[in-house]
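Trainee: Count along the sequence shown from 1, add 95, and you get the number used in our numbering.
By construction, the Cβ of each residue, glycine as well, lies at the ideal position given by its N, Cα and C atoms.
First, the structure itself, so that you have it in front of you.
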Amino acid sequence: MVRFVSQAASVAWMYAVGYFAQTTTSSTSTRSAASSCPTVLDPRYGRPVVGSGWTAQVIANGLTRPRGIMFDQAGALLIVNQASGIVYMTFNDYGGTCLTVNSSKTLIDNDDLNHSLEMSSDGRTLYASTSDSVYAWQYDAAGGTVNGENVTLITNMSNTDHVSRTLLLSRKANDTLLVSRGSSENMDFEAQQISSGHSQIKAFNLSSVPADRPYDYPSEGLLLGWGLRNSVGVAEHPVTGGIYSVENSADQIQRDGTDIHEDDPGEEMNFHGFLNGSTDYHGANYGYPDCFALWGTDIPSVGSLQVGDQFALNPDTTLNDTTCAESYIAPRLTFQAHTAPLDIKFTPDGGTAYVSFHGSWNRDDPVGYSLASVSFADGEPVDPPTSTTAAVEILSNGDLTECPGSCFRPVGIALDGQGRVFMSSDATGEIYVLQRGEMTATGGGDGSSSSSASGTLVTSSTPTTSPNVAPRSTRSRIGAAALVWTFLAVALSIVGGAFLVAA
Numbered sequence: 096m097v098r099f100v101s102q103a104a105s106v107a108w109m110y111a112v113g114y115f116a117q118t119t120t121s122s123t124s125t126r127s128a129a130s131s132c133p134t135v136l137d138p139r140y141g142r143p144v145v146g147s148g149w150t151a152q153v154i155a156n157g158l159t160r161p162r163g164i165m166f167d168q169a170g171a172l173l174i175v176n177q178a179s180g181i182v183y184m185t186f187n188d189y190g191g192t193c194l195t196v197n198s199s200k201t202l203i204d205n206d207d208l209n210h211s212l213e214m215s216s217d218g219r220t221l222y223a224s225t226s227d228s229v230y231a232w233q234y235d236a237a238g239g240t241v242n243g244e245n246v247t248l249i250t251n252m253s254n255t256d257h258v259s260r261t262l263l264l265s266r267k268a269n270d271t272l273l274v275s276r277g278s279s280e281n282m283d284f285e286a287q288q289i290s291s292g293h294s295q296i297k298a299f300n301l302s303s304v305p306a307d308r309p310y311d312y313p314s315e316g317l318l319l320g321w322g323l324r325n326s327v328g329v330a331e332h333p334v335t336g337g338i339y340s341v342e343n344s345a346d347q348i349q350r351d352g353t354d355i356h357e358d359d360p361g362e363e364m365n366f367h368g369f370l371n372g373s374t375d376y377h378g379a380n381y382g383y384p385d386c387f388a389l390w391g392t393d394i395p396s397v398g399s400l401q402v403g404d405q406f407a408l409n410p411d412t413t414l415n416d417t418t419c420a421e422s423y424i425a426p427r428l429t430f431q432a433h434t435a436p437l438d439i440k441f442t443p444d445g446g447t448a449y450v451s452f453h454g455s456w457n458r459d460d461p462v463g464y465s466l467a468s469v470s471f472a473d474g475e476p477v478d479p480p481t482s483t484t485a486a487v488e489i490l491s492n493g494d495l496t497e498c499p500g501s502c503f504r505p506v507g508i509a510l511d512g513q514g515r516v517f518m519s520s521d522a523t524g525e526i527y528v529l530q531r532g533e534m535t536a537t538g539g540g541d542g543s544s545s546s547s548a549s550g551t552l553v554t555s556s557t558p559t560t561s562p563n564v565a566p567r568s569t570r571s572r573i574g575a576a577a578l579v580w581t582f583l584a585v586a587l588s589i590v591g592g593a594f595l596v597a598a
């Protein structure tokens, strides 16, 4: 295995494994993958860049375009293999980011399942979607099996272009399933009609599904929001119950005949109110296809518009920037245009939302291709709606000029009970795991892959503090000698820079 570490980090690492002081670790502590992990897989396209204080590792590969992922109550990872079905996977867990696949099997063989899955709170019902319908199966976590035939709960959602149907089962409003449906094309003017069912998020009461038929998506269900071009990621804040979505906005747009598509419109994080409280936002229109969120401010007639404000493409007397501001709901946050957010998941305390950015396809300089964190407080983002720095990358590709062809592309996110973050990459068929923890190494950035047969572990050399830090090792005191060595390590790092450690 080959790891890049700074000299300061290397000394800290040697302390961690006992070179300079006796240490003790609990049975659940994070292990050093360099010395303990029996198998470390190489990322398909070289080492990624990890954020400060994070460790990342590929733990599974060879999948077929993995999209949505989630854990069952027994700790198995369920994975939607696009155009294949659902995979059931278990791991040998050696602590930290050291996991190896223990078993893998096809749970549901259905090549129409394409993106999303969800689980009931009791762990006994599994939900998944095709472009047209939502299905339910009886699920046995102990055996990793589904029992009986699937039941169709919701249907009549088929359209072209955006075909994922994201599912979210509320933990605050019992038996309430949210379903997101995107537009049928880049500029879908049918979405201007509520009756079309296009570009909407709806909520359905699973305790009152009609006895003789499924729900009809266009005409039934509670309308949470419309004018939402393609809100692939949907999440419920675990403390307040607030509903948030992340939206993929339009491509190739012009304003007053001027091409502005490189930096506009921005991608969006939208707020949809509560299922367990105020209904003020229910049924609100978020603008598409009439109004869009501003990211790049170099557009014709920008006036006083700021990042996050909505604007019209061809302002006139009936539809203009003022109309957009007064008649539609602006996003709570706006992200770089074309980064393509596909999932959002909260930490249990609601202090962080993780967002996967699949990456651009129609921009001269690629953007996205990363997993990021967004800070929350009191149930809403810490940053204001005008922020351009709310999303902080924690895993990204080292060389975006190689994207999309030779890059991982984040899709699904799942968190386990230890606070570890699992992420699927459909383009590479991989599952990553990330964890905040001890400073051990510095990774990535040159787009190259380790040549070691034992694989690549990538970690950041800069520790951070967070209320969401995963469990760490319990270590003995190292005394004054540690301070001396730490001082020496810092001095060496300044003088000598980085060096290579091979194991």
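For the alpha helix (DSSP H) containing Thr418, list its first residue and its last residue.
Mentor: Counting from one through the sequence shown, the residue named residue 418 turns up at place 323. Element bounds for Thr418: 416–422.
Trainee: Would you be able to state if there are at least three C-beta pairs under 8 Å between the stretch 229–248 and the stretch 412–426?
Mentor: Too few Cβ pairs lie closer than 8 Å, so no.
Trainee: Starting from Ala440, trace the beta strand (DSSP E) in both directions and tell me its first and last residue.
Mentor: The count along the sequence shown starts at 1 and reaches residue 440 at position 345. Before going further, note that residue 440 is Lys rather than Ala in the sequence given. 436–441 is the extent of the beta strand (DSSP E) around Lys440.
Trainee: For the beta strand (DSSP E) containing Met518, list its first residue and its last residue.
Mentor: Start at 1 with the first residue of the sequence shown, and residue 518 comes out as number 423. Taken as a continuous stretch (DSSP letters only), the beta strand (DSSP E) holding Met518 covers 516–520.
Trainee: For Ser491, which residues of its own chain have a beta-carbon under 7 Å away from its beta-carbon, when the five flanking residues on both sides are left out?
Mentor: Residue 491 sits at position 396 when you count from the first residue of the sequence shown. If we look at Ser491 and ignore the five residues flanking it on each side, its Cβ neighbours are Pro143, Val144, Tyr464, Ser465.
Trainee: Is it buried or exposed, Arg324, if we count other Cβ atoms within 10 angstroms and call 16 or more buried?
Mentor: For the purposes of this step, residue 324 is identified with residue 229 of the sequence shown, where counting begins at 1. Buried, since its Cβ has 16 or more Cβ neighbours within 10 Å.
Trainee: As a quick exercise: from Tyr527, Gly532, Arg531, pick the residue whose alpha carbon is nearest that of Ile164.
Mentor: For the purposes of this step, residue 164 is taken as residue 69 along the sequence shown, with counting starting at 1. Comparing Cα-Cα distances from Ile164 to each of Tyr527, Gly532, Arg531, the minimum goes to Tyr527.
Trainee: Could you compute how far the alpha carbon of Phe387 sits from the alpha carbon of Ile424?
Mentor: Here residue 387 is taken as the residue at index 292 of the sequence shown, counted from 1. Here residue 424 is taken as the residue at index 329 of the sequence shown, counted from 1. C-alpha separation (whole angstroms): 10 Å.
Trainee: Between Lys200 and Ala330, how many whole angstroms is the CB-CB distance? I'm expecting something under 8 Å.
Mentor: Counted from its first residue, the sequence shown places residue 200 at position 105. Counted from its first residue, the sequence shown places residue 330 at position 235. With a Cβ gap of about 29 Å, Lys200 and Ala330 do not count as contacting.
Trainee: Kindly indicate which three-state DSSP category Ile289 falls into: helix, strand or coil?
Mentor: Taking the first residue of the sequence shown as position 1, residue 289 is located at position 194. Three-state DSSP puts Ile289 in a helix.
Trainee: DSSP three-state label for Glu280, please.
Mentor: Residue numbering aside, residue 280 sits at position 185 when the sequence shown is read from its first letter. Three-state result, Glu280: coil.
Trainee: Going by C-alpha distance, which of Phe406, Asn254, Cys193, Met252 is nearest Arg350?
Mentor: Locating residue 350 in the sequence shown gives position 255, where the first residue counts as 1. Among Phe406, Asn254, Cys193, Met252, the Cα nearest to that of Arg350 belongs to Phe406.
Trainee: What's the C-alpha gap between Leu158 and Tyr183?
Mentor: If you number the sequence shown from 1, residue 158 lands on position 63. If you number the sequence shown from 1, residue 183 lands on position 88. Cα to Cα, the separation comes out at about 12 Å.
Trainee: Of all the options Phe166, Leu194, Thr185, which has the alpha carbon lying nearest to the alpha carbon of Val135?
Mentor: One-based indexing of the sequence shown puts residue 135 at position 40. When each option's Cα is compared against that of Val135, the closest is Leu194.
Trainee: DSSP beta-bridge partners for Arg162?
Mentor: Here residue 162 refers to the residue found at position 67 when the sequence shown is read from its first residue. Beta-bridge pairing links Arg162 to no other residue.
Trainee: Secondary structure at Glu497, three-state DSSP: helix, strand or coil?
Mentor: On the sequence shown, residue 497 is found 402 positions in, with the first residue counted as 1. Three-state result, Glu497: helix.
Trainee: Terminal residues of the continuous beta strand (DSSP E) containing Phe369?
Mentor: The count along the sequence shown starts at 1 and reaches residue 369 at position 274. Its beta strand (DSSP E) spans residues 362–369.
Trainee: Any idea what DSSP makes of Ser131, helix, strand or coil?
Mentor: Here residue 131 is taken as the residue at index 36 of the sequence shown, counted from 1. Of the three classes helix, strand and coil, the one that applies to Ser131 here is helix, per DSSP.
Trainee: Residue range of the beta strand (DSSP E) that Asn492 falls in?
Mentor: The residue given as residue 492 occupies position 397 in the sequence shown. No beta strand (DSSP E) contains Asn492, which DSSP labels as neither H nor E.
Trainee: Whose C-beta lies closer than 7 Å to the C-beta of Ile489 among residues of the same chain, with five residues either side of it excluded?
Mentor: If you number the sequence shown from 1, residue 489 lands on position 394. These residues qualify, in order along the chain: Val145, Gly146, Trp149, Leu466, Ala467, Ser468, Leu529.
Trainee: Run the CB neighbour count on Pro505, radius 10 Å, all protein chains shown included, and call it buried at 16 or more, exposed below.
Mentor: By one-based count along the sequence shown, residue 505 stands at place 410. By the neighbour-count rule (16 or more Cβ atoms within 10 Å), Pro505 is buried.
Trainee: Closest to Thr374 by C-alpha separation, out of Gly320, Asp307, Glu244, would be which residue?
Mentor: Start at 1 with the first residue of the sequence shown, and residue 374 comes out as number 279. Selected option, being the one with the closest Cα: Gly320.
Trainee: So, are the CB atoms of Gln177 and Asn281 less than 9 Å apart?
Mentor: For the purposes of this step, residue 177 is identified with residue 82 of the sequence shown, where counting begins at 1. For the purposes of this step, residue 281 is identified with residue 186 of the sequence shown, where counting begins at 1. In this structure, Asn281 does not lie closer than 9 Å to Gln177 by Cβ.
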